[in-house]
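Residue numbers (our numbering): -11 to 135.
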């Protein structure tokens, strides 16, 4: 089942906006998960992990496994995982902070890096200001829907 690009844009935007809000509020965030249901609804998905600070990769692996099962059962049309990441523009450059949004649907897999700068002011009452840069999308392995 092909998913309209407009719906994938909405899924990406929901994940990016939630990640940006968490960065401004907390200065960091654990990976977060959104799903696109066959009827077009986009919802955030909570996954319980009782560890105090589970490794991000464990969460991502659990999200992928959960979404793979839901995709096989026809319960989702797409999903997006947003995570705090970093990258280099080219070898030797300093690392830049970025939100990575991994968008998956049948026949579609992209990883989108959105570089950001987070400025914190205040000593006792911290205020954070997030500035997002231009996104960079790249094709990815479809680890949820296959192919």
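Using N, Cα and C, we set each Cβ at its ideal position, and we do this for glycine too.
Given residue i as reference, the closest of the options once Cα atoms are compared
| i | options | result |
| --- | --- | --- |
| residue 76 | 62, 104, 93, 49 | 104 |
| residue 16 | 41, 33, 22 | 41 |
| residue 27 | 33, 64, 19, 60 | 64 |
| residue 128 | 89, 117, 118 | 89 |
| residue 9 | 115, 133, 98, 80 | 115 |
| residue 120 | -6, 1, -4, 80 | 1 |
| residue 71 | 112, 98, 13, 87 | 87 |
| residue 59 | 80, 74, 93, 30 | 93 |
| residue -8 | 29, 7, 44, 74 | 29 |
| residue 130 | 53, 123, 109, 112 | 53 |
Contact check, residue i vs residue j, beta carbons under 9 Å
| i | j | result |
| --- | --- | --- |
| residue 11 | residue 68 | no |
| residue 35 | residue 47 | yes |
| residue 106 | residue 125 | no |
| residue 95 | residue 3 | no |
| residue 51 | residue 19 | yes |
| residue 91 | residue 57 | no |
| residue 79 | residue 132 | no |
DSSP state of residue i mapped onto helix, strand, coil
| i | result |
| --- | --- |
| residue 126 | strand |
Every unbroken beta strand (DSSP E) within the segment 64 to 115, with a cutoff of 3 residues, ordered by chain: 66 to 75, 84 to 93, 96 to 109
Complete beta strand (DSSP E) runs within the segment 24 to 67 (minimum length 3 residues, chain order): 30 to 33
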